[in-house]
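First comes the structure, then the notes that go with it.
There are 2 protein chains.
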Amino acid sequence: MKKLINGPEDVVREELQGIEEAHGDRVRVSYDPNYIVRKDAPVQNKAAIISGGGSGHEPMHGGFVGMGMLDAACPGEVFTSPTPDQILAATQAVSGGKGVLHIVKNYTGDILNFEMAADLARGEGIEVEAVVIDDDVAVKDSLYTAGRRGVGATVLAEKICGAAAEGGASLRQVADLCRKVNANGRSMGMALTSCTVPAAGKPTFELGEDEMEIGIGIHGEPGRERRQLATADEIVEMLAQPIVDDLPYGPGDKVLAFVNGMGGTPLIELYVAYHALYKYLHGRGITIERNLIGPYITSLEMAGCSITLLKLDDETRRLWDAPVNTPGLRWGV
Amino acid sequence: MKKLINGPEDVVREELQGIEEAHGDRVRVSYDPNYIVRKDAPVQNKAAIISGGGSGHEPMHGGFVGMGMLDAACPGEVFTSPTPDQILAATQAVSGGKGVLHIVKNYTGDILNFEMAADLARGEGIEVEAVVIDDDVAVKDSLYTAGRRGVGATVLAEKICGAAAEGGASLRQVADLCRKVNANGRSMGMALTSCTVPAAGKPTFELGEDEMEIGIGIHGEPGRERRQLATADEIVEMLAQPIVDDLPYGPGDKVLAFVNGMGGTPLIELYVAYHALYKYLHGRGITIERNLIGPYITSLEMAGCSITLLKLDDETRRLWDAPVNTPGLRWGV
């Protein structure tokens, strides 16, 4: 296992210390239980937004805490759900009197623990709504999920809902918006290589030198099929076709196109993939109005990419463009 | 070779097409010869700044074209210097009457070709100054360089000089500032794995499962030594110690600390490394006033990191903080 780490058991704590030392102007970090909150939390009279999940997907979610996006993030151990007490503590820390939205990716452990934390918070008089993101069209059920997995649309929902909350929207409005983003977003990913969970010390799965996994999950869980390595144009079509067919997206649609790196794939390849996606969508009359290209929802050092499309309307486009000031996404400030 | 590409010969052109399709709101791309310019080039009565070098280091340099940073970037083929005609064409395209600065990383081919282009441009009446960046303390001479290589300080120089030019500084002032950044910046890098140049199809070098290369160059050229794999704390000390000793940096110094990913190393590990660097510098009385953490000067899919320190003063700190609007670095707008 070749990683820039000290002990496998130290990775998450030391990562959080690094985030605190680097971004103390914008966030505060709590340890035991672990969570990251915006520095000015709790923001009074603003619907607060929390997300969380296993570590190993950075910058998601800790890198998205700050003005215009998340109020808090709860990082579990690598690829491990955060615990209810973490989520509860973060919920208490950000509650500013207007309720708290939990944005939850659809993994069984995450769902259970967020639900338990929401119940406990409600018992303390905090209004909590939860929205489950399940945008991955690759497989119906998987190793860790009943139904579809939550992947790239989570990043877009956090940005768009964060802008709405910053603008004064109510908890109900922000939750409805989150459901709308999930309803209009679809994703699929692929891997060229496996990743290695530090505590496991060996690759999660094996892929031959001329193989790739299409429909991979962000924890290396199996996808649709293992195939012979193909060109970028072919790979992008294998991902984009099921996405476009699923919603479906059609001529005249305007979308945000998100080409995400899995952690080990460099930007030069993501731009080649973006070009392939641009050609593919252009040929189907679908217009890319906004884009996001880079490693935003990663799977440790896995090589590969995922594609997310989000159908835009005036509201979601405006909220996407609104100022954001987080370590991972920043513009307008 | 596992990459998201079509043919090896198509990588750079398709990457540029992707950049043009994604960022057409901010940049224009020219093909044959290849260069990227800010959309509003030439900006009249502003000193223009150009950089360039081989592709494979993205987002450097193409991702740094835009308001507050570069006026143009000249990407060569992967790990191959741009040609004089590319650089000349870019120089002509951005010349707004106040001269053009060439920021050149110290590699023999880059130096020769930038010099030739500068001579040709001067022959056409364009005032050109060139500053060579040579911040890598790892080795004195290397496979492609006489003297020290130019690495991470290049990114910082482009940002800081870009802000000065945007603010109305003269060509001479911007060039002097660039020399100051180079004089106050030092870097060193390491690799956990090799990278594979698409046209070569096989790894540039071999590293055993328990080996790493300390002092690696951004093209995979040899460093100081090949060592047994170590912890993040030990690795960071192996990089930081020669940097700190070289300038030297000492108690009371205020620095920008840049922890750079080589392309295949995910953000979670870079934050662990940043934490190690923070501890190391704190113990020596050196204060980190600004930071940059992520893959900004990469070496294709190489796993590893580099550290750059830049001693800050009021001028460079203010210029670092100034607004920038490029695909790769953006804040304040």
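Chains A and B supply the protein sequences, listed in that same order. Read in numbering that gives the first Met the number 0, the first sequence has 225 at position 226, and its numbers run on one by one without any break. Read in numbering that gives the first Met the number 0, the second sequence has 132 at position 133, and its numbers run on one by one without any break. Quick reminder that beta carbons are idealized off the backbone N, C-alpha and C, glycines included.
Whose CA, out of the options, lies closest to the CA of residue i?
i, options, result
"A:Gly161", "A:Thr144, A:Tyr143, A:Lys278 and A:Val180", "A:Val180"
"A:Tyr106", "A:Asp134, A:Ala182, A:Tyr279 and A:Pro265", "A:Asp134"
"A:Arg12", "B:Asn259, B:Ala275 and B:Leu238", "B:Ala275"
"B:Pro265", "A:Pro326, A:Ile267, A:Gly260 and A:Glu268", "A:Gly260"
"A:Gly149", "A:Ala164, A:His56, A:Val127 and A:Gly251", "A:His56"
"B:Lys278", "A:Glu19, A:Cys194 and A:Ile215", "A:Glu19"
"A:Ile242", "A:Ile292, A:Glu208 and A:Ser305", "A:Ser305"
"B:Ala182", "B:Asp312, B:Gly282, B:Gly207 and B:Arg226", "B:Asp312"
"A:Glu220", "A:Val235, A:Gln227, A:Glu208 and A:Phe204", "A:Phe204"
"B:Gly214", "B:Leu191, B:His281, B:Glu224 and B:Gly146", "B:Glu224"
"A:Ser186", "A:Thr79, A:Leu3, A:Leu328 and A:Val138", "A:Val138"
"A:Tyr34", "A:Asn5, A:Gly67 and A:Gln91", "A:Gln91"
"A:Asp232", "A:Pro250, A:Leu280, A:Pro58 and A:Phe257", "A:Leu280"
"B:Asn112", "B:Glu14, B:Thr79, B:Asn290 and B:Val196", "B:Thr79"
"B:Glu236", "B:Leu142, B:Gly282 and B:Glu210", "B:Gly282"
How far does the alpha helix (DSSP H) with residue i in it reach, from first residue to last?
i, result
"A:Lys278", "Leu266 to His281"
"B:Arg316", "Asp313 to Asp320"
"A:Thr153", "Ala152 to Glu165"
"B:Arg12", "Val10 to His22"
"A:Gln91", "Pro83 to Val93"
Over the uninterrupted beta strand (DSSP E) stretch that includes residue i, give me the two end residues.
i, result
"B:Ile35", "Tyr34 to Arg37"
"B:Ile215", "Here B:Ile215 belongs to no beta strand (DSSP E), and DSSP marks it neither H nor E."
"B:Cys73", "Ala71 to Val77"
"A:Phe257", "Lys253 to Gly260"
"B:Ile292", "Thr286 to Gly293"
"A:Ile306", "Gly303 to Lys310"
"B:Ile132", "Val127 to Ile132"
"A:Glu224", "Glu224 to Gln227"
"A:Ala145", "Neither: A:Ala145 is in no beta strand (DSSP E) and is coded neither H nor E."
"A:Ala190", "Gly184 to Ala190"
Which of helix, strand or coil does DSSP assign to residue i?
i, result
"A:His56", "coil"
"B:Lys179", "helix"
"A:Asn105", "coil"
"B:Asp232", "helix"
"A:Ile48", "strand"
"B:Ala116", "helix"
"B:Arg171", "helix"
"A:Asp31", "coil"
"B:Arg121", "helix"
"B:Gly200", "coil"
"B:Asp135", "strand"
"B:Leu100", "strand"
"B:Met237", "helix"
"A:Val323", "strand"
"B:Gly207", "coil"
"B:Val243", "helix"
By a C-beta neighbour count over all protein chains shown, 10 Å radius and 16 as the cutoff for buried, is residue i buried or exposed?
i, result
"B:Ala152", "buried"
"B:Gly53", "buried"
"A:Asn44", "exposed"
"B:Gly339", "Only positions 0 to 332 of chain B appear in the structure, and residue 339 of chain B is not among them; the question remains open."
"B:Val332", "exposed"
"A:Gln227", "exposed"
"A:His60", "buried"
"A:Arg147", "buried"
"B:Ala199", "exposed"
"B:Thr286", "exposed"
"B:Ser169", "exposed"
"B:Lys38", "exposed"
"A:Asp320", "exposed"
"B:Glu8", "exposed"
"B:Gly17", "buried"
**Message:** What are the residues in the segment 230-241 of chain B lying within 8 Å of chain A by C-beta distance?
**Reply:** Residues passing the 8 Å Cβ filter: Thr230, Ala231, Asp232 and Ile234.
**Request:** Pull out every residue of the segment 145-161 of chain B whose Cβ sits closer than 7 Å to any Cβ of chain A, in chain order.
**Result:** Those residues of the segment 145-161 of chain B placed with their C-beta closer than 7 Å to a C-beta in chain A do not exist.
**Cβ-based contacts, 7 Å cut-off: residues of the segment 300-327 of chain A near chain B** = Residues passing the 7 Å Cβ filter: Glu300, Ala302 and Cys304.
**Request:** Please name the residues in the segment 19-53 of chain B whose beta-carbon is closer than 8 Å to at least one beta-carbon of chain A, in chain order.
**Result:** From the segment 19-53 of chain B, only Glu20 and Ala21 have a Cβ closer than 8 Å to chain A.
**Asked** Using Cβ-Cβ distances below 7 Å, what residues of the segment 267-283 of chain A are close to chain B?
**Response** Close to chain B, meaning a Cβ-Cβ distance shorter than 7 Å, are the following residues of the segment 267-283 of chain A: Ile267, Glu268, Tyr270, Val271, Ala272, Tyr273, His274 and Tyr277.
**Message:** Any C-beta of chain B within less than 8 Å: which residues of the segment 200-218 of chain A qualify?
**Reply:** Within the segment 200-218 of chain A, those residues whose Cβ lies closer than 8 Å to any Cβ of chain B are, in chain order, Glu208 and Met211.
**Prompt:** Which residues, in chain order, does the segment 4-19 of chain A contribute to contact with chain B at a C-beta distance below 7 Å?
**Reply:** Cβ contacts with chain B: Ile4, Asn5, Val10, Glu13, Glu14, Gln16, Gly17 and Ile18.
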